[in-house]
């Protein structure tokens, strides 16, 4: 299914990581139920269909952050923005209803303050999760199944970032502005330090190898054009 084995590896690792986190949450719920004198079976509802769906959504969202760079076309970006806003409103109303009905009290280690913060903070985070899971991953899948190879000439510049995971050597371009709502994920990364240092410090021309799908394109590789 995936033409890029590395992309498939990231996708699979994302699902496994999300599953591990959900299983860890389930074990904590069981421990809390036992500590409260309830049967362990009472905690199994925390690993129901809703949680499995959340697991998959989070998995594909992680993939959208660290997988291939997908740039949606204008039509898909606009549709995705509207869809994510609608889902965000639903997330807010759902959280508000759970708070008003006291359903949050069934969650282990949940306090009134955490419940109130969750009503307002979760929708803010959910927008980016919805964008990654819906806009980015649908675009990548469409390109994988229906895309055709292509070339794209762009003016790019280098971008070096550092975080707890290490150094990230990237190039970015104005054409990537639709890629993701957060600027730090609008770059083509994966370069090694030596290749990065060999690139010009100023803006330079580059030719990208792309996979052009009906919803946008996936940047697969690039080379400097002299």
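Residue numbers (the numbering used here): 6 to 231.
For glycine and all other residues, C-beta sits at the position ideal for the given N, C-alpha and C.
A quick note: this is a predicted structure, and the numbers were derived from the prediction, not measured.
**Request:** Determine the contact status of residue 130 and residue 100, defining contact as a CB-CB distance below 9 Å.
**Result:** Here residue 130 corresponds to residue number 125 of the chain shown, with the count starting at 1. Here residue 100 corresponds to residue number 95 of the chain shown, with the count starting at 1. Against a cut-off of 9 Å, the Cβ pair of residue 100 and residue 130 comes out as no contact.
**Message:** Could you tell me the alpha carbon to alpha carbon distance between residue 225 and residue 115, rounded to whole angstroms?
**Reply:** Start at 1 with the first residue of the chain shown, and residue 225 comes out as number 220. Start at 1 with the first residue of the chain shown, and residue 115 comes out as number 110. Using only the alpha carbons, I get a separation of about 44 Å.
**Prompt:** Among residues of its own chain, excluding the 5 on either side of residue 76, which ones have a beta-carbon nearer than 6 Å to its beta-carbon?
**Reply:** On the chain shown, position 71 is the one that residue 76 refers to. Taken in chain order, the residues that qualify are 181, 183, 184, 221, 222.
**Prompt:** Out of 202, 179, 156, 139, which has the shortest C-alpha to C-alpha gap to residue 192?
**Reply:** For the purposes of this step, residue 192 is taken as residue 187 along the chain shown, with counting starting at 1. Checking every option, the nearest Cα to that of residue 192 belongs to 179.
**Item:** Residue from 169, 198, 163 whose Cα sits closest to the Cα of residue 205
**Value:** In the chain shown, residue 205 corresponds to position 200, counting from 1. It is 163 whose Cα lies nearest to the Cα of residue 205.
**Message:** Can you give me the C-alpha to C-alpha distance between residue 1 and residue 138, rounded to a whole angstrom?
**Reply:** Nothing in the structure corresponds to residue 1, since the chain is present only between 6 and 231.
**Request:** Specify the secondary structure class of residue 171 as computed by DSSP and reduced to three states.
**Result:** For the purposes of this step, residue 171 is taken as residue 166 along the chain shown, with counting starting at 1. If DSSP states are grouped into helix, strand and coil, residue 171 belongs with the strands.
**Prompt:** Which one or two residues does DSSP pair with residue 193 in a beta bridge?
**Reply:** Mapped onto the chain shown, residue 193 falls at position 188. In the DSSP assignment, residue 193 forms a beta bridge with 176.
**Request:** Report the option in 210, 172, 213, 121 whose CA atom is closest to the CA atom of residue 198.
**Result:** The residue you call residue 198 lines up with position 193 of the chain shown. Minimum Cα distance to residue 198 is reached at 172.
**Residue span of the beta strand (DSSP E) that contains residue 216, given as start and end** = Position 211 of the chain shown, counting from 1, holds the residue named residue 216. Run containing residue 216: 209 to 218, per the beta strand (DSSP E) assignment.
**Request:** Going by CA-CA distance only, name the one from 105, 210, 25, 227 that's closest to residue 196.
**Result:** For the purposes of this step, residue 196 is taken as residue 191 along the chain shown, with counting starting at 1. Comparing Cα-Cα distances from residue 196 to each of 105, 210, 25, 227, the minimum goes to 227.
**Asked** Exposed or buried, residue 215, counting other C-beta atoms within 10 Å across all chains shown (16 or more means buried)?
**Response** Counting from 1 along the chain shown, the entry for residue 215 is found at position 210. So residue 215 ends up on the buried side.
**Request:** Can you have a look at residue 25 and say buried or exposed, based on whether 16 or more other CB atoms are within 10 angstroms of its CB?
**Result:** Indexing the chain shown from 1 puts residue 25 at position 20. Exposed.
**Request:** Note down the Cα distance separating residue 156 from residue 165, rounded to an integer number of angstroms.
**Result:** Position 151 of the chain shown, counted from the first residue, corresponds to residue 156. Position 160 of the chain shown, counted from the first residue, corresponds to residue 165. Looking at the two C-alpha atoms, the distance is approximately 25 Å.
**Prompt:** How many angstroms separate the CA atom of residue 238 from the CA atom of residue 213?
**Reply:** As displayed, the chain neither begins before 6 nor continues past 231, which places residue 238 out of reach and without an answer.
**Prompt:** Per DSSP, what kind of secondary structure is residue 204 in: helix, strand or coil?
**Reply:** Locating residue 204 in the chain shown gives position 199, where the first residue counts as 1. It is coil, neither helix nor strand.
**Message:** Spatial neighbours of residue 169 within its chain, please: C-beta separation below 6 Å, excluding the five flanking residues on both sides.
**Reply:** Here residue 169 refers to the residue found at position 164 of the chain shown. Closer than 6 Å at the Cβ level, and outside the excluded window around residue 169, lies no residue.
**Item:** Continuous alpha helix (DSSP H) assignments of at least 4 residues falling wholly in the stretch 90 to 176
**Value:** 117 to 135, 142 to 151
**Prompt:** For residue 86, which residues from the same chain have a beta carbon less than 7 Å from its beta carbon, with the 5 sequence-adjacent residues on both sides left out?
**Reply:** As a first step, residue 86 must be located in the chain shown, where it is residue number 81. Once the five neighbours on either side are set aside, residue 86 has no close Cβ partner at all.
**Request:** Excluding the 5 residues preceding and the 5 following residue 151 in the sequence, name in chain order all residues of the same chain whose CB lies nearer than 7 Å to its CB.
**Result:** The sequence position of residue 151 within the chain shown is 146, counting from 1. If we look at residue 151 and ignore the five residues flanking it on each side, its Cβ neighbours are 218, 219.
**Asked** CB-CB under 7 Å to residue 28, same chain, minus the five flanking residues each way: which ones, in chain order?
**Response** The residue given as residue 28 occupies position 23 in the chain shown. Within the same chain, residue 28 has no close Cβ partners at all.
**Message:** Beta-carbon within less than 6 Å of residue 82's beta-carbon, same chain only, minus the 5 sequence neighbours each way: which residues are those?
**Reply:** Start at 1 with the first residue of the chain shown, and residue 82 comes out as number 77. Sequence-distant partners of residue 82 (beyond 5 residues in either direction) whose C-beta falls short of 6 Å from its own C-beta, in its chain, are 183.
**Request:** Alpha carbon to alpha carbon, how far is residue 128 from residue 94? Give it in angstroms, no decimals.
**Result:** As a first step, residue 94 is located in the chain shown; it is residue number 89 there, counting from the start. As a first step, residue 128 is located in the chain shown; it is residue number 123 there, counting from the start. Straight-line Cα distance between these residues: approximately 7 Å.
**Prompt:** Is residue 222 helix, strand or coil when you go by DSSP?
**Reply:** Residue mapping note: residue 222 aligns to position 217 of the chain shown, counting from 1. Residue 222: strand per DSSP, three-state reduction.
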